[in-house]
Amino acid sequence: MRKTIVAGNWKMNGTSESIRDLLAGLTAGAKDSAGVITLVCPPAVYISQVKQWLGSAPISVGAQNVCEQPKGAFTGENSLAMLQDLGCEYVILGHSERRSLFGETDLLVAEKFAAAKEAGIVPVLCVGETLGQREAGQTIEVVGAQVAAVIDRVGINGLSDAVIAYEPVWAIGTGLTATPEQAQEVHAAIRKQLAQNDEVIAEQLSILYGGSMNAGNAAELLAQTDIDGGLIGGASLKADEFLTICAAAADSRK
Ligand code: PGA
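When we follow my numbering, the leftmost residue of the sequence shown carries the number 953, and every step to the right adds one.
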């Protein structure tokens, strides 16, 4: 059975104080359920502190972005070696905010993916269409091209043990959520695309849904055959809500 992953993308939110409170809530309620991975992705400057505060709680830590270069004159960037040094196990790549606000292209995202794989950090590759693309009937094509850019760079074997997150851009931070059927359709298309290259990798790869997932809608999204977890923004900043989503994820495996 595929791993179920509930990942919190905190984006550029939090202070030492608010993060300590959030983690106190999460560690008090976090359950170690077989097959379910709980992951938090704080702003890079807090990763070290978060690792320390989490102690032995069953919660993994990831970064929200990384530089594809190993080291050197790249002011403001963080390297994979640095993430490793801090004990990061995952890195979100190609989030739509990185793509739209910071100009990250499919090719750059594929480079970052390749570098993460090489460093042994699990890439969480984000893909998704804009509202205009959905309305023009281009969803599967756009998402397919985003996935294909990575397969072209690392080969299908490079996708083994990676994670994909389908995040329709129009659903991120808007309160609009893809219906379970809309999400399932895209997740199934991604899995089919992977299966055309390697059926075993396609079957094993966890595909998360992201875009206004919350405590109220998580269960029905997670009940879909090809939805293996969630990448949660806003709702990951509230311990109770995030824990409710984690519980729904654990239930979805029963
Ligand atoms: P949201 O963000 O849950 O606030 O919509 C999801 C994401 O951007 O990963």
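Using N, Cα and C, we set each Cβ at its ideal position, and we do this for glycine too. This structure is a prediction, so every number in the text was calculated from the model and none was measured.
State the Cα-Cα distance for the pair residue i and residue j, rounded to the nearest angstrom.
i	j	result
G1046	A1100	13 Å
I1184	A1130	14 Å
T1027	R1051	19 Å
Q1145	A1088	21 Å
A1033	L1173	35 Å
Q1098	P1010	32 Å
V1061	G1107	14 Å
I1124	A996	21 Å
Q1148	D1104	14 Å
K983	A1025	42 Å
D1113	E1119	19 Å
K1206	A1140	21 Å
E1063	M953	29 Å
Q1021	E1029	9 Å
K1069	L1059	15 Å
A1187	R1086	25 Å
I989	I1197	12 Å
G1084	C1078	18 Å
I999	E1056	23 Å
E915	W1005	Shown here, the chain extends from 953 to 1206; a query on residue 915 therefore has no answer.
Q1156	F1054	31 Å
For residue i, I'd like the list of residues in its chain whose CB is within less than 8 Å of its CB, leaving aside the five on either flank, ordered along the chain.
i	result
Q1036	A1071, G1072, I1073
Y1042	A959, L991, C993, S1012, V1013, G1014, A1015, I1073, V1074, P1075, V1076, V1115
K1023	S1031, A1033
Could you give the first and the last residue of the continuous beta strand (DSSP E) run that contains residue i?
i	result
V1076	1074 to 1079
V1043	1042 to 1045
C993	988 to 993
L1183	1181 to 1184
A1015	1012 to 1015
Measure the CB-CB distance between residue i and residue j and report whether it falls below 8 Å.
i	j	result
G897	V958	Beyond the ends of the chain as shown, which are 953 and 1206, falls residue 897; an answer cannot be given.
L1111	I1153	yes
A1191	A1170	no
S1204	T967	no
F1065	V1094	no
G1162	A1202	no
L1091	V1018	As written in the sequence, residue 1091 is Thr, which differs from the Leu given in the question. Against a cut-off of 8 Å, the Cβ pair of V1018 and T1091 comes out as no contact.
D1175	E1193	Correcting the residue identity first, residue 1175 is Ala in this sequence and not Asp. Contact: no.
S1164	D1180	no
Q1134	T1177	no
L1195	G981	yes
S1048	G1080	yes
Note the first and the last residue of the continuous alpha helix (DSSP H) segment covering residue i.
i	result
A1117	From DSSP, A1117 is part of no alpha helix (DSSP H) but of the beta strand (DSSP E) over 1115 to 1118.
V1152	1151 to 1156
L917	As displayed, the chain neither begins before 953 nor continues past 1206, which places residue 917 out of reach and without an answer.
V1102	1091 to 1106
G977	968 to 981
G960	Counting along the chain, G960 falls outside any alpha helix (DSSP H), though it belongs to the beta strand (DSSP E) covering 956 to 961.
L1146	1132 to 1147
R1050	1048 to 1053
C1198	1191 to 1204
D1178	Run containing D1178: none; DSSP gives neither H nor E here.
V1061	1058 to 1071
S1000	999 to 1006
L1111	Counting along the chain, L1111 falls outside any alpha helix (DSSP H), and DSSP gives it neither H nor E.
Q1021	Run containing Q1021: none; DSSP gives neither H nor E here.
E1029	Counting along the chain, E1029 falls outside any alpha helix (DSSP H), and DSSP gives it neither H nor E.
L1174	1170 to 1174
Tell me which same chain residues have a C-beta within less than 7 Å of the C-beta of residue i, skipping the five on either side of it?
i	result
L1189	W962, N965, L974
T1082	V1121, W1122
K1003	V1013, L1038, G1039
T1126	S1164
A894	Since the first and last residues shown for the chain are 953 and 1206, residue 894 lies out of range.
Starting from the C-beta of residue i, find all residues in its chain whose C-beta is less than 6 Å away, skip the five residues before and the five after it, and write them out in chain order.
i	result
G977	A1191
P1132	E1172, L1173, Q1176
Answer yes or no: does any C-beta atom of chain B fall closer than 8 Å to that of residue i?
i	result
P994	No chain B is present in this structure, which holds just one protein chain.
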